[in-house]
Amino acid sequence: MKETFPCKSMKKSLFQEHKTTDRKEKNAELLRKLDIYRDLVEATTDSIYMVDRQYRFMYVNPRHCLRLGLPQDDLVGSCYKDFHSPEETLEFTENVAEVFKTGLSFQREHHSGRDGSEFLRTFSPVRTAVSGEEVTAVSVISKNVTEWKRAEHLYATLAEKSPIGLFIIQDDHFQWVNPRFEENVGYKAHEILGLPSLSLVNEDDRQLVRMRAIAMLRGENILPYEYRIITKKKDILWYMETVTSINFNGRRATLGSQMDITRQKMAEDALRQSEERSRTIIDTIADAYYETDLAGNMLMFNDAYLKLRGYTKEEMQGNNYRQYTDKKNADIAFRVFHQVFKTGKPAKKMKWEINTKEGEKKNVELSVTLVYDGQGKPQGFRGMISDITERHKMDEVIRQQAFYDYLTGLPNRKLYYDRLHMAIKRARRDKKMTAVIILDLDRFKEVNDHWGHATGDALLRAVAQRLQAMVRDTDTVARHGGDEFTVILPSINRKEDALLIVRKIIKSFQEPFGLDACNLAVTSSLGMAIYPTHGDDIDTLMKKADIAMYRAKARGCNRFCCYSNRA
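Mapping the sequence shown onto my numbering, position 94 (from 1) lands on 112, and the numbers just tick up by one.
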């Protein structure tokens, strides 16, 4: 049926009115966006300003006004050189001229003569709105990176002054060593760099070192391993080592730390050689030595034992070991002592926690051996105690680095796969289901490009916290890499149980993320695969969840897709 109008002029008038209304709405929307951008520029903690070809300020945001100590009206129209030294002015004008010449954006580091602060300045062309080609001005975003530089210097100083030998291996060759490592092996850095990673290891220990290092990198072992090295002077020394994966110069590498344990090894050998020599060593070794009766009352100890506990000889003599630890650790020690008494076999390197006289808790390794009298009857115990408090802290740091994402604190890819393996194994045993979800943030690159990587990192941390709040305590949320997160929902009875969690996650992304710099509204695309419906192994489930995620992303933002054989 055709539209009917009283006349052609009325039809034309209605069309023009509609067109005018549409244009007004678009203009209003544009103005609204401009207000938002202006507010952001005005509120940022970075200095933002714009100059023309004569290096005169065309615009200065409040932050830069504050830095120069002048109001905006006094700055606009004035030249950069009016507020900076000739050297700084020359540096600035050369950078601006380069933008006008090339039409390209770039970043330069800048040291301020005003207060010594360090800045990272981004120079960008401002083009005409008509053609979009002619560069009419240059915008500058100046970020204060003084604290970053100080932190960088601090980390470098810690590495250089570390009492532990540190090194980086990439492509099976040394890429970096610290001064302590040079001292340990007797070679200078230029003699080490480029050598094969096992070239300094005793030939008989090389295969063991390779196997232990691979196991630690895979997360199969977290305990330090021991081996011998041959120094430049041909001395053979014992070292204890740990390794972890890092990113070095944009590629995967291995960071290793080594501690000299040669003296400890020598002490152990001496103790095994003879009881008489052991008595001499007991008075000089760094580790604590003790002897007790069968009830655990102290009979003998060395100075290191007193130093470890913080007591005098008179305070310690005759006291029971239970007085120096809490009930939990006292019970642990009792079970170990009882096992040694029952079997006659010594216990070595038992992990234990003690309290000093001042109430400080220390982590130690305890060894226990049964002592017999002349008739072969048990009469007490003796052993060694090593203070491993610092090593324990180091192990925790290494474990955190090996299994958790440094940015969000979530389990990393390595720990995620380990938990998924256990979830599938448990689901197979209990005849239940396990859901695997892959979540990818939509247009995350735009956040980094517009707000910077610091805001991008803050957003990733906020996403991690929100995801953890959406799942059960038994579920796992991990960061798989970049802006991709993964979720394991173990021991579910039906697909609908997983869908409830998925809907909660999608709904949660409808609320913007409140960050220090701004509030960001970000959506996500989710893909899911379920064991055993879509596969019974990790690789298959991850692949199908990934396919589902990309299908969801292809259908638009803020979507979810469960894997199906149909595309």
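From the three backbone atoms N, C-alpha and C, an ideal C-beta is built for every residue, glycine too.
Residue i - partner residues in DSSP beta bridges
i	result
Glu659	The displayed coordinates of the chain run from 19 to 585. Any statement about residue 659 would go beyond what the structure contains.
Ala67	Note that residue 67 corresponds to Tyr in the displayed sequence, not to Ala. BP columns for Tyr67 point to Val78 and Val158.
Arg139	Arg126 and Ser160
Gln276	Gly183 and Glu259
His191	Gln188 and Pro214
Glu244	Met258
Arg400	Glu309 and Thr387
Glu371	Asn381
Ile510	Met451
Pro429	Tyr422
Phe319	Tyr308
Gly545	Ile456 and Cys579
Val114	Beta-bridge pairing links Val114 to no other residue.
Gly268	Answer is none; Gly268 lacks a bridge partner.
Ala365	Val386
Residue i classed as buried or exposed, judged by whether at least 16 other C-beta atoms fall within 10 angstroms
i	result
Val358	buried
Asn511	exposed
Pro508	buried
Pro429	buried
Trp166	exposed
Thr272	buried
Met402	buried
Met316	buried
Glu259	buried
Phe503	buried
Phe137	buried
Gly553	buried
Asn320	buried
Pro242	buried
Leu425	exposed
His129	exposed
Tyr390	exposed
Phe124	exposed
Distance between beta carbons of residue j and residue i, contact taken as under 8 Å
i	j	result
Met546	Asp458	So it is not a contact: roughly 13 Å between Cβ atoms.
Tyr342	Ile300	Actually they do not touch by this definition, with Cβ atoms about 20 Å apart.
Tyr323	Ala306	4 Å
Val489	Val495	6 Å
Ile182	Ser275	5 Å
Leu433	Tyr422	7 Å
Gly314	Arg340	7 Å
Met451	Ile548	6 Å
Leu544	Ala570	6 Å
Leu312	Gly398	6 Å
Arg431	His356	Arg431 to His356, Cβ: 43 Å. No contact.
Met318	Glu332	With 8 Å as the limit, Met318 and Glu332 do not qualify as a contact, their Cβ atoms being about 14 Å apart.
Cβ shell of residue i (< 8 Å), same chain only, five flanking positions each side left out
i	result
Met19	Below a pLDDT of 50, predicted positions are generally treated as unreliable, and Met19, at 43, falls in that range; the measurement from the model is reported next regardless. Same-chain partners within the cutoff: there are none.
Leu538	Val465, Trp469, Thr473, Leu477, Pro530 and Phe531
Thr280	Leu255, Trp256 and Tyr257
Asp344	Glu371 and Asn373
Beta-carbon proximity check, residue i vs residue j, cutoff 8 Å
i	j	result
Asn202	Asp253	no
Glu60	Pro80	yes
Pro143	Val163	no
Leu93	Leu84	no
Leu235	Ser263	yes
Leu388	Pro396	yes
Ile524	Phe462	no
Ile455	Ala563	yes
Ser160	Asp70	no
Asp223	Leu326	no
Phe75	Gly95	yes
Residues near residue i in its chain [Cβ-Cβ closer than 7 Å; skip 5 each side]
i	result
His191	Gly212, Leu213, Pro214 and Ser215
Asn113	Arg126 and Phe141
Thr249	Val203, Gly204 and Leu255
Phe266	Ile186, Gln188 and Gln193
Ile519	Met488, Val489 and Leu507
Gln419	Thr262
Glu178	Asn196 and Pro197
Cut-off 6 Å between Cβ atoms - residues of its own chain near residue i, not counting five sequence neighbours on either side
i	result
Thr407	Lys380 and Asn381
Ala535	Thr473
Arg484	Ser526
Ala365	Val354, Val358 and Val386
Ile66	Val59, Asn79 and Ile159
Asn576	Thr541
Thr111	Tyr73
Arg409	none
heavy atom of the ligand COA below 7 Å from residue i C-beta
i	result
Arg437	Ligands are entirely absent from the displayed structure, and the ligand COA is therefore not among its contents.
Within-8 Å CB hit, residue i to chain C
i	result
Leu312	No chain C is present in this structure, which holds just one protein chain.
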